[in-house]
Structure formats: C-alpha cells, structure tokens
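**Student:** Right, I'll just put the structure down here and ask away after.
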Amino acid sequence: MHLLAIESSCDDTSAAVLRDGEILSNCIANQTAHAEYGGVVPEVASRAHQMNIIPVVDLALKKAGVQKEDLDAIAFTRGPGLLGSLLVGVSFTKAFAMSLDIPMIEVNHMNAHVLAHFAEDPKPAFPFLCLTVSGGHTQIVLVRDYLDMEVIGTTIDDAAGEAFDKTGKILGLPYPAGPHIDRLAKEGQPVFPFTEPRIEGLDFSFSGLKTSILYYLQKRVKENPDFVKENMADICASVQSRIISILLNKLVKAAEQTGIKEIAIAGGVSANSGLRRALQEKGKELGWNTYIPAFQYCTDNAGMIAVAGYRKYLAGEFVGQDVTAEARLKMT
Ligand code: KG4
Ligand code: ZN
4 MHLLAIESSC
14 DDTSAAVLRD
24 GEILSNCIAN
34 QTAHAEYGGV
44 VPEVASRAHQ
54 MNIIPVVDLA
64 LKKAGVQKED
74 LDAIAFTRGP
84 GLLGSLLVGV
94 SFTKAFAMSL
104 DIPMIEVNHM
114 NAHVLAHFAE
124 DPKPAFPFLC
134 LTVSGGHTQI
144 VLVRDYLDME
154 VIGTTIDDAA
164 GEAFDKTGKI
174 LGLPYPAGPH
184 IDRLAKEGQP
194 VFPFTEPRIE
204 GLDFSFSGLK
214 TSILYYLQKR
224 VKENPDFVKE
234 NMADICASVQ
244 SRIISILLNK
254 LVKAAEQTGI
264 KEIAIAGGVS
274 ANSGLRRALQ
284 EKGKELGWNT
294 YIPAFQYCTD
304 NAGMIAVAGY
314 RKYLAGEFVG
324 QDVTAEARLK
334 MT
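Below, the structure is given as structure tokens:
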C-alpha cells in the first residue's frame, strides 16, 4: 500500500511517501523569506507553498522510488494552521486525487504531531501522555489509541514556541528564535529570576513570562545599555530553563492525575536540547518511559501526516471532494 502525504499548514511545504506503514521519503522545503519580517507572513507563505508543492512532491516520489500511478491514497493537513497555506495543500490534494482516481484522507496537524512517535522505534504503548509544544500550540494530550485522543491541558494565551520566538525578538535574535536560544543557552547559566506563572490545573500560561522578561531587561538596560549583549547566554539559559520548568511541572501533574508513566513530547519545541535532557532526567527520577521523536519528526513534516493518514486508511476514513481547509480545526 503506497500513500502520499502533504503538509502545508504554516511555512514549510512537505511531502512524504509511505509504504505499508514505513516512511520511504520525507522532503521539506523551508521558507526563508519570513526571517526579515520577524514572523510568518501568511500571504508570503501561501505563495511560496504554491511554488514549492509540485517540486517537493516530485522529489518525495523520486526519493521513495515510487511512481504516482502506484499511489493508493493521498493524505493532507486539513488544519489547524494558516488558511492560505492550508488551501494550497488541500487544492493540490483534490486535483491530484481526482486525476489519479484515488481516495483522500484528511489529517489534523496536532494529531499528526502526536503520531510522529510511530514513525520509528521505540514507540509508546497506549495509553500515553504527549506534551505537544509548537509555535501555535501547547497541549497535554491523553492518547488512548491512534485515533482516540483528548486534550487535557492547553495554553490560555501564548504557545511555548511563541514564548521562545517573542523573547528572541526582544533579544534581537532572528525568527524563529527557538533554535538560537537553544544554542546560546548551552553557553550560559540560568541566573536571572524570570517568574513561573500560577495557573490552576493542567493549563499553561506564557504571556506573563514574556512581560516579566521585557520589564526585567528594560530595567537592567537603563543601568547598562550593553546588558543584553554582555549577558546573552545567561539570559537565554534563564528563559529556556523557565519555559522547561513550566512545561515539566504540568506534565508531572498530568502523570500523577492519570497514573500514566508512558510520557512523550512532540512538536517543534521538542527539538529543544534542554527540554529533551530535562524530560529524560525527570523520567529517570519518576520511573517514566520517555519518548522523544528524531529531529526530522519534531518540526512540521509530512512524514507525521503520512503516519496519521495510514491509520485512517486502515480505519477506512476518507473524505470527498467537498472537503475544505479548516484554520481552527479541533483535535478529534
Ligand atoms: O511544530 P512547528 O515546526 O510548527 C508549528 O506547528 O508551529 O514548531 C515551530 C516552533 C517555533 O516556535 C520554533 O521557535 C520552535 O518550534 N523550535 C524550537 C526549537 N526548534 C524549533 N524551540 C526551542 N528550541 C528548539 N531547538
Ligand atoms: Zn506543527
């Protein structure tokens, strides 16, 4: 069984080919045009998707050694994401499926981040908890089965990735700032006192952290205009360590409440080396089995859409030509 998968929810155009559950290729065209604007510009993103989608699909098929006539189905990201970006993937999928006379499978991008864990070994056992942390979402997901998930904690304001990116903007780092903060934090110590918000239950809040960093730095820059430059590594280490402690404290709470010890992380922020290390240490301390995807399956990629699409294919869940992109698609 051959499946083509398409991901175009934000600023990466990606295509993957899967054979009987195994990923044969996972190709990504990154968009660099957004860096100069300090964030993703939706109009620029959708135009770049239009230019990239056919070459990326061609490359994915070529790398997999699969002809388009061999495909049995095509899976695509229906949402959540930027509407203009999603539309490119959805329109391409409809045309491709119609011309090849094969069925279409809609995939929820957030479900797919969770199912990225089934791209390679080791795979978590059900039920497990997945902390999904990306540029747009921060969720603790209770995963009962491939297609049975429930969000039990979520952010009430910014996402964890946004906390990295917005802090990076304050510090003058390029967008997206997460990987830069990760790199700089390795050379610093978490010596600055950025506060942890008090939020009840399993929900998260990151907007207070951003404000606390901004005010703290404004005060110190008044005393010393070079404060940020001179303390960049320590500031990054402090920000990163606080974001990690906010995430892990809630994850510990969720594990206690549910009694689950199979614990996974997913999404772009799960590429963060400090978070990966902290999760492993916490897992050792609390007797968890921890699961961290390979880097290529952390940030947006069509491989994860292929894994999710394959599960829906096996369950016989297809959609018709009347399907539409859904920017605010809820997790099912
Ligand atoms: O999952 P993703 O690729 O796209 C969305 O669906 O949002 O996540 C992108 C986010 C960005 O906020 C980026 O700064 C963050 O993931 N990110 C990181 C790292 N790599 C990517 N954050 C912290 N450390 C990293 N190494
Ligand atoms: Zn994502």
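Here the sequence shown stands for residues 4 to 335, numbered as in the numbering used here.
Ideal placement from N, C-alpha and C gives every residue a C-beta, glycine not left out.
(1) For the beta strand (DSSP E) that contains phenylalanine 79, what are its first and last residues?
(2) At which residues does the alpha helix (DSSP H) containing leucine 176 begin and terminate?
(3) Could you say if the segment 265-274 and the segment 189-202 meet the contact criterion of at least three C-beta pairs nearer than 8 Å?
(4) Is isoleucine 108 closer than 8 Å to glycine 312 when the C-beta atoms are compared?
(5) Need the endpoints of the alpha helix (DSSP H) that arginine 279 sits in, please.
(6) Taking a contact to mean a Cβ-Cβ separation below 8 Å, would you say proline 340 touches leucine 212 in this structure?
(7) Run the proximity test for histidine 5: is its beta-carbon closer than 7 Å to any non-hydrogen atom belonging to the ligand ZN?
(8) List the DSSP bridge partners of cysteine 382.
(9) Between which two residues does the alpha helix (DSSP H) containing cysteine 301 stretch?
(10) Which of helix, strand or coil does DSSP assign to isoleucine 249?
(11) In this structure, how does DSSP classify serine 215 when only helix, strand and coil are distinguished?
(12) Out of curiosity, what's the CA-to-CA distance linking isoleucine 295 and isoleucine 105?
(13) Considering only heavy atoms of the ligand ZN, does any lie closer than 7 Å to the CB of glycine 82?
(14) Quick one, what's near the ligand KG4 if you take every residue whose CB is closer than 5 Å to any heavy atom, in chain order?
(15) In angstroms with no decimal places, state the Cα-to-Cα distance between leucine 21 and aspartate 73.
(16) Taking C-beta to C-beta, are glutamate 46 and glycine 87 nearer than 8 Å?
(17) Would you mind working out which of Ser208, Phe209, Glu233 sits nearest leucine 220, comparing C-alpha positions?
(18) Can you tell me which of Ala32, Glu39, Ala48, Tyr40 puts its alpha carbon nearest to the alpha carbon of proline 58?
(19) Could you round the C-beta distance between serine 12 and glycine 68 to whole angstroms and report it? I think they count as a contact, below 8 Å.
(20) Out of His140, Lys285, Asn275, which one is the CA nearest neighbour of asparagine 252?
(21) At a cut of 8 Å, does the segment 267-279 reach the segment 174-184 through at least three beta carbon pairs?
(22) Alpha carbon to alpha carbon, how far is histidine 120 from alanine 162? Give it in angstroms, no decimals.
(23) Just to confirm before moving on: does the CB-CB distance between leucine 278 and threonine 293 stay below 8 Å?
(24) Taking buried to mean at least 16 other C-beta atoms within 10 Å of its own C-beta, is leucine 317 buried or exposed?
**Tutor:** Put simply:
(1) Per DSSP, phenylalanine 79 belongs to the beta strand (DSSP E) from 76-82.
(2) Judged by DSSP secondary structure, leucine 176 falls outside any alpha helix (DSSP H); it is assigned neither H nor E.
(3) As far as the Cβ criterion goes, the segment 265-274 does not touch the segment 189-202, which means the pair count is below three.
(4) Contact: yes.
(5) Per DSSP, arginine 279 belongs to the alpha helix (DSSP H) from 276-289.
(6) Residue 340 falls outside the range modelled here, since the chain spans only 4 to 335, and no answer is possible.
(7) Shortest gap from the CB of histidine 5 to any heavy atom of the ligand ZN: 7 Å or more.
(8) As shown, the chain starts at 4 and ends at 335. That puts residue 382 outside it, with no answer to give.
(9) Here cysteine 301 belongs to no alpha helix (DSSP H), and DSSP marks it neither H nor E.
(10) DSSP places isoleucine 249 in helix when its eight states are reduced to three.
(11) DSSP, read as helix, strand or coil, puts serine 215 in helix.
(12) Going from the Cα of isoleucine 295 to the Cα of isoleucine 105 covers about 34 Å.
(13) Glycine 82 has its Cβ no nearer than 7 Å to any heavy atom of the ligand ZN.
(14) Qualifying residues come out as Ser137, Gly138, Gly139, Gly164, Phe167, Asp168, Pro179, Gly181, Pro182, Asp185, Gly270, Gly271, Val272, Ala274, Asn275, Thr302, Asp303.
(15) Each residue's Cα considered, the two are about 11 Å apart.
(16) Yes, the Cβ-Cβ distance between glutamate 46 and glycine 87 is below 8 Å.
(17) Relative to the Cα of leucine 220, the nearest Cα in the group Ser208, Phe209, Glu233 belongs to Glu233.
(18) Minimum Cα distance to proline 58 is reached at Ala32.
(19) No, serine 12 and glycine 68 are not in contact; Cβ-Cβ is about 27 Å, not under 8 Å.
(20) Relative to asparagine 252, the option among His140, Lys285, Asn275 whose CA is nearest is Lys285.
(21) Contact between the segment 267-279 and the segment 174-184 is present, because at least three Cβ pairs lie under 8 Å.
(22) The alpha-carbon of alanine 162 is positioned some 21 Å away from that of histidine 120.
(23) Not closer than 8 Å, so no.
(24) Classification for leucine 317: exposed.
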